[in-house]
Amino acid sequence: MAYWSSELKEEEFERARRGISIKSFSKGNYLCHVGDRLDQWTGVASGIAVIGMVSAKGKATSLIGVPQGGWFGEGTVLKGEPRRYDVILLRDSEIAFMNRPTFLWLFENSVAFNRHLVRMLNERLAYFIALAEYHRLLDATGRLARNIAWLFNPVLSPRIGLHIEITQEEIAMLTGVSRQVANKSLQSLEAEGLLNVGHGSITVLDLQKLSRYGE
DNA sequence: TCATTAAATTGTT
DNA sequence: AACAATTTAATGA
38 MAYWSSELKE EEFERARRGI SIKSFSKGNY LCHVGDRLDQ WTGVASGIAV
88 IGMVSAKGKA TSLIGVPQGG WFGEGTVLKG EPRRYDVILL RDSEIAFMNR
138 PTFLWLFENS VAFNRHLVRM LNERLAYFIA LAEYHRLLDA TGRLARNIAW
188 LFNPVLSPRI GLHIEITQEE IAMLTGVSRQ VANKSLQSLE AEGLLNVGHG
238 SITVLDLQKL SRYGE
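Here's what the structure looks like:
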């Protein structure tokens, strides 16, 4: 899957490049909290970010993981609203920010950019529908398998390849299960030959089967 | 480069 | 949630 910026025309690409700045953050830092005014389109150049929120009772919930190559926050930028979710970094990361004027200019002028946005939004919609669906239908291993599969989604995170640096604890947080359950689930997925579990990393062997696990 | 130690991560109860 | 085992990273000779 081609990276979105590579599909832009020369002039559009230049404009995009000038409107993007990159900053480094360390593990555990928040990129933004609910209610912040961060009106920049946000991309993960390296590392992993997690979008989630904290309930009134203080319980943290992860909604979606954004690994290297993924972008988010377009809804906030388009609508000019405060952020509705927390974004926390799972590890040291480099984050790209595209300022709002640049984003809006591309939105108005670039066909390729819009195509990418639609594709991305469509994919994310599919993700949340799938999330609601398999939350009811699948056991912990199934949910974990599909969460991992979505992490490697070629549309949402085109840069990622088949290997990711992520601990079992982090996957557990993403999936919404305990670390113990995540550990067992990963072991059975590995036994079935769908992925390899390394120390602090995962290598996917069969993305197709992983994304259909439990059907 | 190797050995030692500390820290992080995993596997199990 | 706690513990032991394992792996990686850091340090210094």
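Just remember that the working numbering sits 37 ahead of the position in the first sequence, which is counted from 1.
Ideal Cβ placement from N, Cα and C applies to all residues, glycine included.
Could you pull out every residue in the same chain whose Cβ sits closer than 7 Å to the Cβ of residue i, ignoring the five residues on either side in sequence?
i: S222; result: A177, T178, L181
i: P119; result: G72, D73, R74
i: S83; result: Q105, S130, E131
i: K246; result: L231
i: R156; result: V192
i: N190; result: E160
i: I57; result: A133, F134, M135
i: G117; result: D76
Assuming residue i contacts residue j (C-beta within less than 8 Å), just tell me the rounded distance between them.
i: V81; j: Y122; result: Wrong, their Cβ atoms sit about 15 Å apart, outside the cutoff.
i: L193; j: R173; result: About 23 Å separates the two Cβ atoms, so there is no contact after all.
i: Y188; j: I201; result: As written in the sequence, residue 188 is Leu, which differs from the Tyr given in the question. Between I201 and L188 the Cβ distance is about 7 Å, and since that is below 8 Å, they are a contact.
i: T98; j: G107; result: Contact doesn't hold; Cβ gap of about 19 Å is too wide.
i: T139; j: R216; result: Contact doesn't hold; Cβ gap of about 40 Å is too wide.
i: L199; j: V241; result: 5 Å
i: L143; j: F150; result: 4 Å
i: S85; j: I203; result: Correcting the residue identity first, residue 85 is Ile in this sequence and not Ser. Contact flag correct, Cβ pair sits at about 6 Å.
Name the DSSP beta bridge partners of residue i, please?
i: H200; result: T240
i: G107; result: None; G107 has no bridge partner.
i: Y67; result: I125
i: I85; result: P104
i: W78; result: M135
i: S61; result: E131
i: L232; result: V241
i: M90; result: T98
Identify, in the order they occur along the chain, each residue of the same chain with its Cβ nearer than 8 Å to the Cβ of residue i, setting aside the five sequence neighbours on each side.
i: N146; result: E49
i: Q224; result: V234
Is residue i near residue j, with beta carbons less than 8 Å apart?
i: V103; j: L68; result: no
i: E111; j: W78; result: yes
i: Y101; j: Y171; result: Looking at the sequence itself, residue 101 is Ile, so the reference to Tyr does not match. No.
i: R152; j: Y250; result: no
i: L127; j: N66; result: no
i: I239; j: L232; result: yes
i: S248; j: A186; result: yes
Can you tell me which of the options puts its alpha carbon nearest to the alpha carbon of residue i?
i: A228; options: V155, R216, D243; result: D243
i: S42; options: L154, S83, L247, A86; result: L154
i: F134; options: D76, I208, H236; result: D76
i: N136; options: L115, L175, L168, V87; result: L115
i: A39; options: G117, R196, G56; result: R196
i: H236; options: S58, V214, G56, E207; result: E207
i: L168; options: L141, V148, G213; result: G213
i: T113; options: L141, V91, V87; result: L141
Take residue i and list the residues in its own chain whose beta-carbon comes closer than 6 Å to its own, dropping the five residues that flank it on each side.
i: K60; result: I132
i: N220; result: Q205
i: S63; result: D129
i: L175; result: G251
i: V218; result: A177
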